[in-house]
Each structure stands twice: as C-alpha cells, then as structure tokens.
Amino acid sequence: MNTQSTYMHWAKTRARVKYDLALSGILNLPFAELDATISDIDLNGDNSYGYDPLVDALATHADVPRDCVVTISGGTSMANHLAMAAAIEHGDEVLIEQPTYEPLLALAQYFGANVKRFARSAENNYRVDLDDLTSQVTSRTRLIVLTNLHNPSSGLIDEDALRRIGEIAQTARARVLVDEVYLEAMFEAAPRSSVHLGPQFIATSSLTKGYGLSGLRCGWILAEPELAQRMRLLHDIFGALAPHPAERLSVLAMSKLPKFIARAKSILETNRAVLNDFYDSREDLKIEHTRIGTTSFPELMRGKVNDLYTLLTEKYESAIVPGRFFESPQHFRIGMCAEPELFNEGVQRLAKALDEI
Ligand SMILES: Cc1ncc(COP(=O)(O)O)c(C=O)c1O
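For the sequence shown, our numbering begins at 888 and goes up steadily by one.
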C-alpha cells in the first residue's frame, strides 16, 4: 500500500529560496488584509455538518443548492481524500490522467484501487485523449480523475470535452472526480464547475490557489445530494468537525473575495508578462505562451532538469518544480505566484542557470 506522497514530502522539505518560481498558489495573504476583529472568530459554533454561513457562501460561489456542498477543513487535499473514500472501494478500477498531480495518484493507490492511466500528453497540448480514455474504461471502472485546470500545465478542459467524459463514465456507471482548485485562479473568467454537467461529477476545490488563503485550509466538495450526504457521514469517522475559527474566518474571507482577486490578478498579470517575454528569448525551452492559470510546464531541450534544479537552489536562491514529480523528467513547472519583483529576479536567475547547464 502506498502511504506517502513523494511530491508533498518534497514540497514541504525542499530548500527555502528567496526567488521562488515553484509556488502554484498566489502569494500568501498577510492576516491583516482580512481586516478581522476578535469578534469575527470564536472557538465553538454550530457546525455539526458544516457551518451554515460557510455552506451558504460556497453554494452561492459555485451556484449550486446547499445540499450539494460538503465543507472540509484540510483544503482540496482532504476534499480529494473524502471524495475518493466515498466514491471507490478497495480493488475498484480508477482511471487517472497522465501526467497528474501526484498526491491524487498516491491517494488512489492508498485506497487500494487498481489504477490505470489515460493520456493528457504534451504533444496533444495536454488535452484529454478521449480515445485513450474510452479504450481504458471497463465495467469495473468506478472513477475517472482529472485536474481542471491541469496541474502541471494549466490546460483547461472545455465543457464539450467534460460532457463527453461524463458520457464515457456513465456508460460504465462510474463517476468523474474533477479537482478544480485552479479554476479559482481564473476568477470571473472561470467556467462553471463540472458538477453542473451531471450527477456523475464530483468537484473539489479550496481557497488555496487563487486568493493566497491556503492557511485557512477551507476546502469543499460539490456532489449530487445523496453522495454529498454519504461524504458528510463518512467524515464523522475522519475529522468529525472543522476548526470553527477557520470556518468563521473563511466566511469573512469569502465576503472580501473581490479585494483578494484584484491582488491576485495584479500578481499574475505582471508575472505572466515577464514569463512570456522570457519564453520568447529562450530557444532551449519548448513552451507556448501561458494565458490562464498559475503554472506553466516548459520542456528543457538541452541538459538535465535535476542539474538545473540543483544549480538554481545552490547558486541562485531560486527554484522550479522538477518534472519528475509529474512523470515528465525533461519538463519543469514554473508558478507565477511570487511577489512580482522577486519573481522577475527569479526569472533572470533562471536564465543564468539555463545558460550555465
Ligand atoms: C491539483 C491540486 N489539488 C490540490 C492541491 C492542494 O490544495 P489545498 O492546499 O487546497 O489542499 C494542489 C496543490 O498544489 C493541487 O495542485
């Protein structure tokens, strides 16, 4: 049984660097920006199966009925855990995109799933290969797992493709789990959640990536009411209750999202322009301009990504995420989430390191 995530362990223990190009979530928001007062928090409240104001805020945010919302402390990570725990059983067949966010893979393995993969390849611009997916589905398939936006590439799955995936799942009486945490970083341009496309869809997300609010660990699952209720009951044997101060602060944060969106957009737009100029100047990287999302995933055409990573951390106080965590050892992931001056300097340093390897 797999009992660890190699990526998460690396992310938590990697060298801390000043010019960090590895961040996939918007720079953490300083607490003062919440404008919270002591009366905004409390230790205890009525939150048996979700704190009502938070459930209401999330139902409005996702435009779904409140009985479709399961709130979860522990971010999208715990949301994915609970969603999978409710949707599959030991030995079930689970189809997961390749490449993907490694903890999703580790999670399915931890649950004892029979994991199969379908392609979302660089050659196909990270679109879901629907033929490959169709050919992998069997009567034993219980779950299809996707990230949208895609981690690492930020590729968007459009609604037509999602509908097609929903049909493929339905023929096998399987469900589709879509980790939508990066859709939050599209702000008002984000398409609606996949949960609107049919009862076979389960969507997970959090306030982590788009708003700099990872510290709240405010996650959620959107699912059809019966499955959502099964998740709430299952959570009784996991975490039982959420930390109430975090729930109260999450409600406060959600009432101020427009302010945090303005901050996040300004960071992303500035850094995206710097990164796209940088890509134009490099012949040793294969990548298209990034237009959406917080990350991009260039291919290194000369040298080794591991050497690049070592040089960046040891000489240049900078970091990228090596593609080996995404089963793509010649790629690396850049996140556009750092403070813009530091991001700009990080990109200059990346250029020097690339020249050196
Ligand atoms: C696809 C994906 N899902 C979930 C997470 C974890 O999110 P959270 O901080 O909300 O647990 C990440 C973080 O990198 C991610 O990339």
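Every residue, glycine too, gets a C-beta built ideally from N, C-alpha and C.
Keep in mind that this is a model prediction, so the values were computed, not measured.
Contact under 8 Å by Cβ, residue i with residue j
{"i": "Leu1187", "j": "Asp1171", "result": "yes"}
{"i": "Ile913", "j": "Gly1102", "result": "no"}
{"i": "Ala1246", "j": "Val1065", "result": "Outside the displayed span of the chain (888 to 1244) sits residue 1246, for which this structure offers no information."}
{"i": "Ser964", "j": "Pro986", "result": "no"}
{"i": "Asn967", "j": "Glu1134", "result": "no"}
{"i": "Ala858", "j": "Thr1028", "result": "There is simply no residue 858 to check, as the chain begins at 888 and stops at 1244 in what is shown."}
{"i": "Leu1268", "j": "Tyr1069", "result": "No information on residue 1268 is available, as it lies outside the stretch 888 to 1244 that the chain covers here."}
{"i": "Ala923", "j": "Leu1139", "result": "yes"}
{"i": "Met1118", "j": "Ala970", "result": "yes"}
{"i": "Ala909", "j": "Gly1180", "result": "no"}
{"i": "Ala1115", "j": "Ile1108", "result": "yes"}
{"i": "Glu1054", "j": "Ala1090", "result": "no"}
{"i": "Asp950", "j": "Arg1079", "result": "yes"}
{"i": "His948", "j": "Met1141", "result": "yes"}
{"i": "Thr958", "j": "Ala1238", "result": "no"}
{"i": "Ile975", "j": "Val1015", "result": "no"}
{"i": "Arg1236", "j": "Tyr894", "result": "no"}
{"i": "Gly1126", "j": "Gly961", "result": "yes"}
{"i": "Pro940", "j": "Ala946", "result": "no"}
{"i": "Ile1244", "j": "Gly1190", "result": "yes"}
For residue i, three-class secondary structure by DSSP
{"i": "Ser1093", "result": "strand"}
{"i": "His1218", "result": "strand"}
{"i": "Gly1106", "result": "strand"}
{"i": "Ala902", "result": "coil"}
{"i": "Ser1205", "result": "strand"}
{"i": "Asp907", "result": "strand"}
{"i": "Phe1088", "result": "strand"}
{"i": "Val893", "result": "For the sequence presented, residue 893 should be read as Thr rather than Val. Reduced to three states, the DSSP call for Thr893 is helix."}
Cβ distance (whole Å) where residue i is taken to contact residue j below 8 Å
{"i": "Pro1039", "j": "Thr1182", "result": "6 Å"}
{"i": "Pro1112", "j": "Cys955", "result": "6 Å"}
{"i": "Arg1169", "j": "Leu1241", "result": "7 Å"}
Validate contact between the stretch 974-987 and the stretch 1004-1016 using beta carbons, cut 8 Å, 3 pairs: yes
Those runs of the alpha helix (DSSP H) which lie wholly inside the stretch 1155-1203 and span at least 4 residues: 1192-1202
Sufficient close CB pairs (3 or more, under 8 Å) joining the stretch 1089-1096 to the stretch 891-908: no
Three or more C-beta pairs below 8 Å linking the stretch 1220-1229 and the stretch 927-941: no
In chain order, each alpha helix (DSSP H) run of at least 4 residues that lies wholly inside the stretch 956-1017: 962-974, 989-997
Uninterrupted alpha helix (DSSP H) stretches inside the stretch 909-962 (no shorter than 4 residues): 939-949
Sufficient close CB pairs (3 or more, under 8 Å) joining the stretch 1195-1209 to the stretch 1158-1167: no
Those runs of the beta strand (DSSP E) which lie wholly inside the stretch 1015-1076 and span at least 3 residues: 1028-1034, 1062-1066
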